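Novice: Order-wise, the sequence lines are chains D and F. Take any residue in the first sequence, note its place counting from 1, add 37, and you have its number in this note's numbering. Take any residue in the second sequence, note its place counting from 1, add 335, and you have its number in this note's numbering. For reference, the structure I am asking about is given below.
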Amino acid sequence: MENLLNLFVKSVFIENMVFAYFLGMCSFLAVSKSVKTATGLGLAVIFVQVITLPVNYLLEKYLLMDGALAWMGPGFETVDLSFLSFIMFIAVIASMVQLVEMVVEKFAPVLYNQLGIFLPLIAVNCAILGGSLFMQQKAFHTLGEATVYGFGSGFGWFLAIISIAAIREKIQYSQIPAPLRGLGITFIITGLMGLAFMGFMGIKL
Amino acid sequence: MSEGLFSKKNIGLLADPIGSNNPITVQVLGICSALAVTAQLKPAFVMALSVTVVVAFGNVIISLLRNTIPNRIRIIVQLVVIAALVIIVDQFLKAFVYDVSKQLSVFVGLIITNCILMGRLEAFALGNKPWPSFLDGIGNGAGYGLILIIIAFFRELLGSGTLWGYRIIPESWYIANGGFYSNNGMMILPPMALITVGVIIWVQRSRNPKLQEK
Chain D
38 MENLLNLFVK SVFIENMVFA YFLGMCSFLA VSKSVKTATG LGLAVIFVQV
88 ITLPVNYLLE KYLLMDGALA WMGPGFETVD LSFLSFIMFI AVIASMVQLV
138 EMVVEKFAPV LYNQLGIFLP LIAVNCAILG GSLFMQQKAF HTLGEATVYG
188 FGSGFGWFLA IISIAAIREK IQYSQIPAPL RGLGITFIIT GLMGLAFMGF
238 MGIKL
Chain F
336 MSEGLFSKKN IGLLADPIGS NNPITVQVLG ICSALAVTAQ LKPAFVMALS
386 VTVVVAFGNV IISLLRNTIP NRIRIIVQLV VIAALVIIVD QFLKAFVYDV
436 SKQLSVFVGL IITNCILMGR LEAFALGNKP WPSFLDGIGN GAGYGLILII
486 IAFFRELLGS GTLWGYRIIP ESWYIANGGF YSNNGMMILP PMALITVGVI
536 IWVQRSRNPK LQEK
């Protein structure tokens with residue numbers, strides 16, 4: 038239990054998807070103009086992350102990893118399909134996003150309307166694929182760890198996009214040099230926020 | 336169509352993304368996997384080359400298939416084409432430049448979700464012939480690579496005092512050896528990549544006021 042809590046704190050603050058790895062930057066910059074839309078996208082990312090990471094974990098463990106096919110009987114212990122992992126992961130993500138979209142549309146139309154266009158766009162959000170690839174690299178031991186990592190990394194992304202959106206709403210009233218307006222200043226603010234988040238790196242868990 | 340292979344329009348396709356329509360600083364695409372690999376020049380260069388290859392050939396393949404892909408499933412077709420190309424690039428890097436491939440770690444795989452690819456496939460290859468699509472891919476790859484190399488140049492020079500792994504700042508300048516100089520360790524940290532891009536955008540937009548935002 039403590040282990041899972043540590044993993045959560047680590048994936049939210051110390052290994053934050055945006056500030057430590059720059060994942061999901063495109064939508065992070067494009068959709069952070071207002072807090073409301075940023076919240077919608079952030080929630081959608083958490084949602085998809087929590088669903089895709091465990092699925093990809095099972096795929097990795099029982100299909101792709103070196104020796105993962107041992108359950109199929111003798112002769113399969115040496116099969117290594119890990120070179121297929123990119124295509125498998127992205128297919129899972131794309132189809133999960135599609136599935137989630139249909140389920141949400143059917144059972145929670147209010148939420149569906151709030152998330153709107155963001156749900157399909159998540160398929161190409163690097164934070165999602167990044168989460169799966171990091172999961173592969175970290176070689177988690179249990180399904181629980183993978184799920185918690187998915188929730189934590191999604192939550193870290195959510196936190197990041199909400200804070201940048203809040204800052205951008207305020208900064209509209211500031212006098213910024215013309216060439217820096219919009220994109221330029223957003224990059225610099227993100228950099229400064231990243232520096233602040235580096236402060237968490239000293240924490241040993 | 337008797338247009339020359341290098342007509343003015345085609346040259347424009349190649350040159351625009353390098354400058355005034357740069358994928359990173361103007362279209363804001365492909366920042367995701369770009370910044371993390373720029374602490375040193377060599378991985379940045381390899382990354383730029385890989386993205387160029389994938390975007391150029393992905394563009395050509397999608398452009399050839401553009402009349403046969405049903406509109407509803409086009410995203411998944413694009414993802415499959417890109418993922419296949421990225422697997423080839425990844426295996427190639429692992430075979431020939433293993434140390435760089437280790438350094439790039441997950442970021443080679445993340446080329447799949449690099450927004451430049453989806454952006455160019457959606458916006459260009461789906462509506463154009465293979466040859467212009469190829470040029471568009473090369474141009475966008477080069478524009479992306481240019482920014483990557485500029486960032487990596489400054490980060491490696493100021494952060495480690497080397498370029499491409501070779502020492503530029505002499506050892507004897509360092510404080511440890513009785514000199515006056517010390518590396519700026521902050522340049523190696525991820526946030527400085529963002530600030531460097533911010534400054535590049537600043538310089539580009541003050542030279543080209545048309546790009547400024549209101």
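Yeah, the Cβ is synthetic: ideal placement off N, Cα and C, and Gly gets one too. Keep in mind that this is a model prediction, so the values were computed, not measured.
1. Grab me the residues of I198/D's own chain with a C-beta within less than 6 Å of its C-beta, minus the 5 sequence neighbours each way, in chain order.
2. V85/D: which of F144/D, V49/D, E138/D and F59/D sits nearest, CA to CA?
3. Alpha carbon to alpha carbon, how far is N512/F from R205/D? Give it in angstroms, no decimals.
4. Taking the alpha carbon of G77/D as the point to measure from, which residue in N150/D, T184/D and L101/D has its own alpha carbon closest?
5. What does DSSP give as the partner residues of T497/F in its beta bridges?
6. Out of R407/F, V361/F, V390/F and S436/F, which one is the CA nearest neighbour of V416/F?
7. Could you check the C-alpha separation between V141/D and S342/F for me, to the nearest Å?
8. Within 8 Å (strictly less), CB to CB, does Q86/D reach chain F?
9. Grab me the residues of M133/D's own chain with a C-beta within less than 7 Å of its C-beta, minus the 5 sequence neighbours each way, in chain order.
10. By DSSP, does Y210/D sit in helix, in strand, or in coil?
11. What residues from chain D crowd round E548/F, counting only those whose CB sits closer than 8 Å?
12. Along the chain, where does the alpha helix (DSSP H) that runs through P91/D open and close?
13. Which one or two residues does DSSP pair with Y516/F in a beta bridge?
14. Can you tell me whether DSSP reads R407/F as helix, strand or coil?
15. Is it buried or exposed, I208/D, if we count other Cβ atoms within 10 angstroms and call 16 or more buried?
16. If the cut is a Cβ gap below 8 Å, which residues of chain F does A160/D touch?
17. For M336/F, count neighbouring Cβ atoms within 10 angstroms of its own Cβ and tell me buried if that reaches 16, exposed if not.
18. Check whether the stretch 233–241 of chain D and the stretch 349–358 of chain F touch, using three or more Cβ-Cβ pairs below 8 Å as the test.
19. Pick helix, strand or coil for P216/D, following the three-state DSSP scheme.
20. Cα separation between N40/D and S200/D?
21. Please list, in chain order, the chain D residues whose beta carbon lies closer than 8 Å to that of L370/F.
22. Closest Cβ-Cβ distance between Q212/D and chain F: below 8 Å?
23. Could you confirm whether any beta carbon from chain F is found closer than 8 Å to the beta carbon of E127/D?
24. Counting pairs of Cβ atoms below 8 Å between the stretch 483–499 of chain F and the stretch 411–426 of chain F, do you hit three or more?
25. Of the residues S211/D, S169/D, A202/D and G228/D, which one's Cα is nearest the Cα of K73/D?
26. Can you tell me which of V49/D, E114/D and K98/D puts its alpha carbon nearest to the alpha carbon of H178/D?
27. Hey, could you find the ends of the alpha helix (DSSP H) I240/D is sitting in?
28. So S132/D is in the alpha helix (DSSP H); what residue range does that whole segment cover?
29. Taking only the alpha-carbon atoms, compute the straight-line gap between N43/D and L461/F and give it to the nearest angstrom.
30. Could you work out which residue in L399/F, F392/F and G494/F is closest to Y516/F when comparing CA atoms only?
31. Taking 8 Å as the limit between beta carbons, can you name the residues of its chain near I51/D, skipping five residues before and five after?
32. Between the stretch 449–463 of chain F and the stretch 396–415 of chain F, are three or more C-beta pairs nearer than 8 Å?
33. Just how far apart, CA to CA, sit F192/D and T223/D?
34. Assign E182/D to one of two classes, buried (16 or more other C-beta atoms within 10 Å of its C-beta) or exposed (fewer than that).
35. Straight-line CA distance for S190/D to L158/D?
36. Judging by CA-CA distance, which residue of D103/D, R218/D and L156/D is the nearest neighbour of V116/D?
Specialist: Here's the rundown:
1. Counting from one through the first sequence, the residue named residue 198/D turns up at place 161. Around I198/D: F65, S69, A75 and G79.
2. Taking the first residue of the first sequence as 1, we reach residue 85/D at position 48. The shortest Cα separation from V85/D among F144/D, V49/D, E138/D and F59/D belongs to E138/D.
3. By one-based count along the first sequence, residue 205/D stands at place 168. By one-based count along the second sequence, residue 512/F stands at place 177. C-alpha separation (whole angstroms): 46 Å.
4. As a first step, residue 77/D is located in the first sequence; it is residue number 40 there, counting from the start. Residue N150/D is the option with its Cα nearest to G77/D.
5. Indexing the second sequence from 1 puts residue 497/F at position 162. Answer is R502/F, bridged to T497/F.
6. Translated into positions along the second sequence, residue 416/F becomes position 81. Per the Cα distances, V390/F.
7. The sequence position of residue 141/D within the first sequence is 104, counting from 1. The sequence position of residue 342/F within the second sequence is 7, counting from 1. Answer to the nearest angstrom: the Cα atoms are 50 Å apart.
8. For this step, residue 86/D is matched to residue 49 along the first sequence. So no, Q86/D is outside the interface.
9. Taking the first residue of the first sequence as position 1, residue 133/D is located at position 96. Counting only Cβ-Cβ distances below 7 Å, and skipping sequence neighbours, we find V85, I88, T89 and V92.
10. Residue mapping note: residue 210/D aligns to position 173 of the first sequence, counting from 1. Reduced to three states, the DSSP call for Y210/D is coil.
11. Counted from its first residue, the second sequence places residue 548/F at position 213. Those within 8 Å of E548/F in chain D are R218, G219 and L220.
12. Position 54 of the first sequence, counted from the first residue, corresponds to residue 91/D. Where P91/D is concerned, the enclosing alpha helix (DSSP H) stretches over V72 to L96.
13. Position 181 of the second sequence, counted from the start, is the residue given in the question as residue 516/F. Its beta-bridge partners are Y509/F.
14. Taking the first residue of the second sequence as 1, we reach residue 407/F at position 72. Helix, per DSSP.
15. Walking along the first sequence from the start, residue 208/D turns up at place 171. Exposed is the call here.
16. For the purposes of this step, residue 160/D is taken as residue 123 along the first sequence, with counting starting at 1. The contacting residues are I410 and L414.
17. As a working note, residue 336/F is residue 1 in the second sequence. Residue confidence is low: M336/F scores 43 on pLDDT, short of 50, so the model does not pin down where it sits. No coordinate-derived value is stated.
18. no
19. The residue you call residue 216/D lines up with position 179 of the first sequence. Three-state result, P216/D: helix.
20. If you number the first sequence from 1, residue 40/D lands on position 3. If you number the first sequence from 1, residue 200/D lands on position 163. Rounded to the nearest angstrom, the two C-alpha atoms are 28 Å apart.
21. What you label residue 370/F is simply residue 35 of the second sequence in a count that begins at 1. Within chain D, the residues near L370/F are F59 and M62.
22. Numbered from its first residue, the first sequence carries residue 212/D at position 175. No, its Cβ sits nowhere closer than 8 Å to a Cβ of chain F.
23. Counting from 1 along the first sequence, the entry for residue 127/D is found at position 90. Inspection of the sequence shows that residue 127/D is occupied by Ile rather than by Glu. It does; some Cβ of chain F falls within 8 Å.
24. no
25. Within the first sequence, numbered from 1, the residue matching residue 73/D stands at position 36. Of S211/D, S169/D, A202/D and G228/D, the residue nearest in Cα terms is A202/D.
26. As a working mapping, residue 178/D is identified with position 141 in the first sequence. That would be K98/D, whose Cα lies nearest to the Cα of H178/D.
27. One-based indexing of the first sequence puts residue 240/D at position 203. Note, I240/D: premise wrong, no alpha helix (DSSP H); not H, not E.
28. Here residue 132/D refers to the residue found at position 95 of the first sequence. Where S132/D is concerned, the enclosing alpha helix (DSSP H) stretches over S122 to F144.
29. For the purposes of this step, residue 43/D is taken as the residue at position 6 of the first sequence. For the purposes of this step, residue 461/F is taken as the residue at position 126 of the second sequence. Rounded to the nearest angstrom, the two C-alpha atoms are 46 Å apart.
30. As a working note, residue 516/F is residue 181 in the second sequence. Ranking the options by Cα distance to Y516/F, first place goes to G494/F.
31. What you label residue 51/D is simply residue 14 of the first sequence in a count that begins at 1. A57, F237, M238, I240 and L242.
32. yes
33. Position 155 of the first sequence, counted from the first residue, corresponds to residue 192/D. Position 186 of the first sequence, counted from the first residue, corresponds to residue 223/D. Approximately 21 Å between the Cα atoms of the pair.
34. For this step, residue 182/D is matched to residue 145 along the first sequence. By the neighbour-count rule (16 or more Cβ atoms within 10 Å), E182/D is buried.
35. Counting from one through the first sequence, the residue named residue 190/D turns up at place 153. Counting from one through the first sequence, the residue named residue 158/D turns up at place 121. Near 18 Å, if we compare the C-alpha coordinates of L158/D and S190/D.
36. Taking the first residue of the first sequence as position 1, residue 116/D is located at position 79. Minimum Cα distance to V116/D is reached at D103/D.
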